[in-house]
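Accompanying notes for the structure given below.
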Amino acid sequence: MFPEFKSIFDLIKAFPTEQSCIDHLERLQWNGEPVSPFDATSKVYKCKDNRYKCKNTGKYFNVRTGTIFDNTKIPLQKWFMALYVFSSHKKGISSHQLAKDISVTQKSAWFLLHRLRYAFDHVYSDDGTPSFRSMVPPLEEPISERAFCVL
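Counting from 1 along the sequence shown, just add 33 to a position and that's the residue number in the numbering used here.
Pasting the structure below:
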C-alpha cells in the first residue's frame with residue numbers, strides 16, 4: 034500500500050505532479066470513494082479542480098481538508114519532500130536546512146516542520162482514539178511505511 038522510497042529521487046519520480054500527489058492522498062484517505070469530513074453519511078458531489086461538495090451541509094472540501102495539509106498554499110510535492118526529509122533525519126532537521134533542501138522560505142519550512150511534528154506526535158488509531166506514536170515505527174523502519182502512516 035505504501036510506496037518504498039530509497040532516495041528523494043524515487044519520491045520525485047513517484048509523484049511528478051501535484052495531481053499525482055492528490056490522487057495518492059485520495060487513495061489513502063478515501064480508497065476511491067470520497068467521504069465528507071462534515072457528515073460521513075452524506076452524499077458527495079464531485080466538482081471541478083479536485084473539489085467535492087457535501088450534500089447535507091452544502092460545504093465544499095478537498096483531500097487536504099482536515100489534514101496537516103489543510104489551509105496552506107504549499108504544493109503537496111513540497112509537503113511530500115518535507116515529510117521525506119523530516120523523517121529521514123534521526124536527530125531532526127532545522128527549518129533553515131529544510132528550506133534549502135526543498136526550496137522554500139525559512140518561514141514556510143518552520144511552518145511545515147511544526148505541522149509535521151504535530152502529526153507525528155498526534156497519530157490516531159482507526160477507532161478515532163489517540164494512540165500517540167503507536168502507528169509511527171522506529172526510525173530504522175523503511176521510510177515509506179513510517180512516513181505515510183501520518184498521511
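Glycine included, C-beta positions come from ideal geometry on N, C-alpha and C. None of the values given here were measured: they were computed from a predicted structure.
Can you say whether residue i is buried or exposed, counting buried as having 16 or more other CB atoms within 10 angstroms of its CB?
i, result
"E37", "exposed"
"C87", "buried"
"S40", "exposed"
"N95", "buried"
"F48", "buried"
"F42", "exposed"
"Y85", "buried"
"R148", "buried"
"S127", "exposed"
Mind reading off the beta-carbon distance from residue i to residue j? Whole number of angstroms is fine, and I expect it under 8 Å.
i, j, result
"A142", "A152", "So it is not a contact: roughly 16 Å between Cβ atoms."
"G99", "P67", "Rounded, the Cβ-Cβ distance is 12 Å, inconsistent with contact."
Let's see if you can read the secondary structure: which residues bound the beta strand (DSSP E) around residue i?
i, result
"C87", "Y85 to C87"
"V77", "V77 to K79"
Under 8 Å: does the beta carbon of residue i sit that close to some heavy atom of the ligand ZN?
i, result
"V77", "Looking at this structure, you won't find the ligand ZN or any other ligand, since it has none at all."
Segment contact flag, the segment 104 to 113 with the segment 40 to 60, C-beta cutoff 8 Å, min 3 pairs
Using a C-beta cut-off of 8 Å, the segment 104 to 113 makes contact with the segment 40 to 60, since at least three inter-stretch Cβ pairs fall below that distance.
For the segment 116 to 127 against the segment 68 to 76, are there 3 or more C-beta pairs whose distance is under 8 Å?
In this structure the segment 116 to 127 does not lie against the segment 68 to 76, because fewer than three pairs of beta carbons, one per stretch, are closer than 8 Å.
Starting from the N-terminal side, write out each stretch of the alpha helix (DSSP H) that is 4 residues or longer and does not extend beyond the segment 95 to 167.
Within the segment 95 to 167, the complete alpha helix (DSSP H) runs of at least 4 residues are 109 to 121, 128 to 135 and 139 to 154.
Return the chain-ordered ranges of every alpha helix (DSSP H) run that is complete within the segment 42 to 81 and spans a minimum of 4 residues.
DSSP runs (the alpha helix (DSSP H)) wholly in the segment 42 to 81: 51 to 63.
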